[in-house]
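Asks:
Residue numbers (my numbering), protein chains in the order written: chain A, 8 to 333; chain B, 8 to 333.
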């Protein structure tokens with residue numbers, strides 16, 4: 008069935024669409040779905056984050072917009088040391104979208120939410136003119152324990168920089184789909200609950216964390232220089248990447264430091280805890296390639312120590328990067 | 008300046024756009040805006056709601072998409088008896104949108120948030136191809152006191168139905184703009200914080216509340232029949248509407264019961280508290296035309312007792328209504 012403007016009316020067609028696709032996809036829909044807002048148990052300190060997803064194409068190797076929309080928001084909560092609890096799901100659908108596509112997306116969202124341990128507690132559906140496109144906003148709420156204080160301003164000179172795995176996978180996967188290049192590169196789109204929870208439970212002294220999404224690691228670290236007043240020394244030979252993504256980036260002239268991921272994070276931890284943290288991440292789901300890639304310096308720049316022995320300044324991303332990567 | 012795909016890159020252009028427009032519009036931006044999620048104080052019970060806004064045109068008499076996007080979400084929280092505290096703001100912007108337009112929208116959002124007593128604590132910006140359109144998702148978080156239990160399932164036979172003001176204003180305003188009909192009809196777009204807080208503080212026995220948006224009062228009450236198992240008897244001569252909206256609806260053959268508002272609510276309260284509740288709403292902001300319009304019955308239908316002495320069944324909205332009304 009094709010979506011029509013009637014599905015956005017707020018009347019009978021809207022409620023049928025919600026019941027038959029979005030509620031059905033959730034194995035455990037709350038009764039509150041029928042109300043204007045969901046009332047749930049909270050906590051003394053909560054973390055809140057919002058993200059819209061406009062990725063094209065909707066389906067790609069390693070994921071789809073549904074999985075992406077849960078991972079992106081869950082990861083944003085984790086990066087502040089919050090335990091993700093709830094997620095909302097708001098669809099803007101272009102006329103002509105196929106309900107079969109929506110079902111696949113909603114099912115993927117529900118599965119990823121289950122994996123990440125979050126409940127989808129509220130939703131919304133709007134329809135606009137267009138040509139079958141789908142845009143999803145997810146907003147997440149998590150609980151933050153009293154003692155937790157993780158933010159980029161907390162970086163200190165000498166801290167270790169840990170990257171949780173290979174760079175560039177999501178970016179290369181999306182670009183391959185769009186350019187119709189045949190390869191085996193898969194998006195790394197994943198919820199990072201396991202590695203963050205394990206580090207926190209083991210008492211690792213985490214100063215800051217950030218998932219490496221659009222703009223890439225170069226942009227993240229340049230943002231960290233602004234909030235922390237610190238700089239970052241990186242070592243090119245330490246940065247994990249697959250041979251296939253490295254070759255892909257080289258051929259297309261892409262800078263791996265500006266390529267987006269959707270299942271990787273950079274963690275800044277106290278130097279004394281670096282080895283322990285890497286071990287924990289490596290033995291956690293999605294963290295098998297984690298490595299220390301550098302340290303926090305005092306010169307407010309992001310510097311790459313290259314394989315050829317040079318030192319190169321890494322800037323934030325300028326220009327348009329890869330549009331609609333997430 | 009016109010928005011380009013570069014503004015969605017996640018790099019330099021995105022952060023400039025956020026700093027210069029969205030952060031600047033907020034008189035009290037939190038430092039957490041620079042992080043992946045905001046960490047704020049919560050509460051034992053929280054209410055969460057999400058809503059995307061795709062209204063066309065972006066500006067209309069009585070409001071704009073910015074004001075609408077705050078009111079819609081704040082009102083959804085209030086309808087569960089929650090005190091609205093936080094709101095997120097996620098923009099999907101089509102290429103070619105003018106930054107001056109975005110500034111006006113962001114300023115309007117900030118002013119409305121201030122009026123409603125909520126803080127904008129997180130945001131997101133994405134850019135898609137298109138022709139200057141703007142879509143906004145807001146997600147709201149509110150605090151619910153322990154004793155509060157307001158939901159549509161709680162309606163009981165004999166309860167009074169109170170409408171907080173005139174029906175159809177927002178709908179007629181949007182349709183007038185689109186059809187280029189000159190009149191003085193203004194959208195009623197408003198946050199209903201004052202009337203809800205006043206009722207709760209006075210201890211009114213509120214069973215259920217719902218803001219009357221797309222789909223209209225007819226759709227809301229039909230949803231209530233499903234969740235509560237009750238029916239509703241309405242009296243046509245009691246339903247507040249302005250002469251201008253009534254005439255507009257008559258000329259165009261619109262059913263006032265399916266026209267959307269954005270600053271009106273229907274409240275179901277214990278019969279004994281009806282008079283008190285109407286007095287409170289009437290003396291609250293945006294509630295001067297409140298009236299008891301009917302009562303809860305036991306026959307699972309929504310019935311209008313017409314001015315001519317007839318009884319007419321009111322259904323939910325079928326078909327497409329007015330596309331992109333909110």
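Glycine included, C-beta positions come from ideal geometry on N, C-alpha and C.
Does the beta-carbon distance from residue 106/A to residue 8/A come in below 9 Å?
Replies: As a working note, residue 106/A is residue 99 in the first chain. As a working note, residue 8/A is residue 1 in the first chain. In contact: residue 106/A and residue 8/A (Cβ atoms closer than 9 Å).
Asks: Identify every run of the beta strand (DSSP E) within the region 204-255 of chain B, keeping only runs that are complete inside it and at least 3 residues long; order them along the chain.
Replies: 213-218, 238-242
Asks: Report the residue from 313/B, 233/B, 45/B whose alpha carbon sits nearest the alpha carbon of residue 41/A.
Replies: Walking along the first chain from the start, residue 41/A turns up at place 34. For residue 41/A, the nearest C-alpha among the options comes from 233/B.
Asks: To the nearest angstrom, how far is the alpha carbon of residue 23/A from that of residue 286/A?
Replies: Along the first chain, read from residue 1 onward, the residue named residue 23/A stands at position 16. Along the first chain, read from residue 1 onward, the residue named residue 286/A stands at position 279. Computed Cα separation, rounded: 49 Å.
Asks: CB-CB under 8 Å to residue 112/A, same chain, minus the five flanking residues each way: which ones, in chain order?
Replies: Residue 112/A sits at position 105 when you count from the first residue of the first chain. Only 65, 71, 72, 73, 141, 143 meet the Cβ criterion.
Asks: In chain B, what lies closer than 8 Å to residue 268/A by C-beta?
Replies: Translated into the one-based positions of the first chain, residue 268/A becomes position 261. Near residue 268/A there are no residues of chain B at all, since even the closest Cβ is about 12 Å away, more than 8 Å.
Asks: Could you compute how far the alpha carbon of residue 133/A sits from the alpha carbon of residue 223/B?
Replies: As a first step, residue 133/A must be located in the first chain, where it is residue number 126. As a first step, residue 223/B must be located in the second chain, where it is residue number 216. Residue 133/A and residue 223/B: Cα-Cα distance of roughly 16 Å.
Asks: Nearest to residue 240/A by alpha carbon, out of 299/A, 17/A, 152/A?
Replies: Within the first chain, the letter at position 233 stands for residue 240/A. Of 299/A, 17/A, 152/A, the residue nearest in Cα terms is 299/A.
Asks: Under 8 Å: do the region 15-34 of chain A and the region 50-70 of chain A share three or more Cβ pairs, one atom per stretch?
Replies: no
Asks: Pick from 139/A, 189/A, 157/A, 297/A: whose alpha carbon is nearest that of residue 210/A?
Replies: Sequence index remark: in the first chain, residue 210/A carries index 203 (1-based). Closest by alpha carbon: 157/A.
Asks: Indicate the three-state DSSP secondary structure (helix, strand or coil) for residue 146/B in the structure shown.
Replies: Taking the first residue of the second chain as position 1, residue 146/B is located at position 139. Looking at residue 146/B - three-state DSSP - the assignment turns out to be strand.
Asks: For residue 116/B, does the three-state DSSP call read helix, strand or coil?
Replies: As a working note, residue 116/B is residue 109 in the second chain. For residue 116/B, the three-state secondary structure derived from DSSP is helix.
Asks: Do the region 302-315 of chain A and the region 183-203 of chain A touch if we need at least three Cβ pairs shorter than 8 Å?
Replies: Using a C-beta cut-off of 8 Å, the region 302-315 of chain A makes no contact with the region 183-203 of chain A, since fewer than three inter-stretch Cβ pairs fall below that distance.
Asks: Have a look at residue 76/A and residue 119/A and give me their C-alpha separation to the nearest angstrom.
Replies: By one-based count along the first chain, residue 76/A stands at place 69. By one-based count along the first chain, residue 119/A stands at place 112. Using only the alpha carbons, I get a separation of about 9 Å.
Asks: Rounded to whole angstroms, how far is the Cβ of residue 257/A from the Cβ of residue 219/A, which I believe are closer than 8 Å?
Replies: For the purposes of this step, residue 257/A is identified with residue 250 of the first chain, where counting begins at 1. For the purposes of this step, residue 219/A is identified with residue 212 of the first chain, where counting begins at 1. Taking the Cβ atoms as the reference, residue 257/A lies roughly 19 Å from residue 219/A, outside the contact range of under 8 Å.
Asks: With a cut-off of 8 Å, do at least 3 Cβ pairs link the region 163-173 of chain A to the region 121-131 of chain A?
Replies: no
Asks: If we ignore side chains and look at the alpha-carbon of each, how far apart do residue 43/A and residue 60/A end up?
Replies: Position 36 of the first chain holds residue 43/A. Position 53 of the first chain holds residue 60/A. Cα to Cα, residue 43/A sits roughly 23 Å from residue 60/A.
Asks: For the region 103-137 of chain A, list every residue whose C-beta sits within 9 Å of some C-beta in chain B, in sequence order.
Replies: 128, 129, 130, 131, 132, 133, 134, 135, 136, 137
Asks: If we call anything under 9 Å between Cβ atoms a contact, is residue 149/A one with residue 85/A?
Replies: If you number the first chain from 1, residue 149/A lands on position 142. If you number the first chain from 1, residue 85/A lands on position 78. Closer than 9 Å, so yes.
Asks: Evaluate residue 250/B with the Cβ neighbour count: other Cβ atoms within 10 Å of its Cβ, from every protein chain shown; 16 or more gives buried, anything less gives exposed.
Replies: As a first step, residue 250/B must be located in the second chain, where it is residue number 243. Flag for residue 250/B reads exposed.
Asks: For the region 70-119 of chain B, list the alpha helix (DSSP H) runs that are entirely contained and at least 4 residues long, ordered along the chain.
Replies: Scanning the region 70-119 of chain B from its first residue to its last, the whole alpha helix (DSSP H) runs of 4-plus residues come out as 72-85.
Asks: Check whether the Cβ of residue 309/A lies closer than 9 Å to any Cβ atom in chain B.
Replies: Within the first chain, the letter at position 302 stands for residue 309/A. Judged by the 9 Å Cβ criterion, residue 309/A is not in contact with chain B.
Asks: Which residues does DSSP list as the beta-bridge partners of residue 131/B?
Replies: For this step, residue 131/B is matched to residue 124 along the second chain. Its beta-bridge partners are 97/B.
Asks: Taking the alpha helix (DSSP H) that residue 311/B falls in, what are its first and last residues?
Replies: For the purposes of this step, residue 311/B is identified with residue 304 of the second chain, where counting begins at 1. DSSP places residue 311/B in no alpha helix (DSSP H) but in the uninterrupted beta strand (DSSP E) bounded by 309-312.
Asks: Can you look up residue 170/B in the DSSP assignment and give me helix, strand or coil?
Replies: Taking the first residue of the second chain as position 1, residue 170/B is located at position 163. DSSP places residue 170/B in strand when its eight states are reduced to three.
Asks: Quick test of your reading: residue 177/B and residue 267/B, contact by CB under 8 Å. State the CB separation rounded to the nearest angstrom.
Replies: Within the second chain, numbered from 1, the residue matching residue 177/B stands at position 170. Within the second chain, numbered from 1, the residue matching residue 267/B stands at position 260. Right, the Cβ-Cβ distance comes to about 6 Å (below 8 Å), so this counts as a contact.
Asks: Just reading off the alpha helix (DSSP H) that residue 283/A is part of, what are its end residues?
Replies: Counted from its first residue, the first chain places residue 283/A at position 276. From DSSP, the alpha helix (DSSP H) with residue 283/A extends over 281-289.
Asks: Would you say residue 330/B lies against chain A (beta-carbon separation less than 9 Å)?
Replies: Locating residue 330/B in the second chain gives position 323, counting from the first residue. Answer yes: the Cβ-Cβ gap between residue 330/B and chain A drops below 9 Å somewhere.
Asks: What residues match up with residue 301/A in a beta bridge as DSSP calls it?
Replies: As a working note, residue 301/A is residue 294 in the first chain. Bridge partners of residue 301/A: 168/A, 241/A.
Asks: How about residue 97/B and residue 10/B: do their beta carbons lie closer than 9 Å?
Replies: By one-based count along the second chain, residue 97/B stands at place 90. By one-based count along the second chain, residue 10/B stands at place 3. Against a cut-off of 9 Å, the Cβ pair of residue 10/B and residue 97/B comes out as no contact.
Asks: Could you tell me the alpha carbon to alpha carbon distance between residue 317/B and residue 332/B, rounded to whole angstroms?
Replies: On the second chain, residue 317/B is found 310 positions in, with the first residue counted as 1. On the second chain, residue 332/B is found 325 positions in, with the first residue counted as 1. Approximately 31 Å between the Cα atoms of the pair.
Asks: Taking DSSP as the reference, what is the three-state secondary structure of residue 194/A?
Replies: In the first chain, counting from the first residue as 1, residue 194/A sits at position 187. Three-state DSSP puts residue 194/A in coil, outside helix and strand.
Asks: My guess is that residue 322/B and residue 229/B are in contact by the Cβ rule of under 8 Å, so how many angstroms apart are they, rounded?
Replies: What you label residue 322/B is simply residue 315 of the second chain in a count that begins at 1. What you label residue 229/B is simply residue 222 of the second chain in a count that begins at 1. By a beta-carbon distance limit of 8 Å, residue 322/B contacts residue 229/B. Their separation comes to about 6 Å.
Asks: Hey, out of 231/A, 289/A, 288/A, 187/A, whose CA is closest to residue 309/A's CA?
Replies: Counting from 1 along the first chain, the entry for residue 309/A is found at position 302. Measuring from the Cα of residue 309/A, the nearest candidate turns out to be 231/A.
Asks: Can you name the residues of chain B whose CB is closer than 7 Å to the CB of residue 221/A?
Replies: The sequence position of residue 221/A within the first chain is 214, counting from 1. Correct list: 16, 17.
Asks: If you follow the beta strand (DSSP E) that residue 53/A is part of, which residue opens it and which one closes it?
Replies: Within the first chain, the letter at position 46 stands for residue 53/A. Element bounds for residue 53/A: 45-60.
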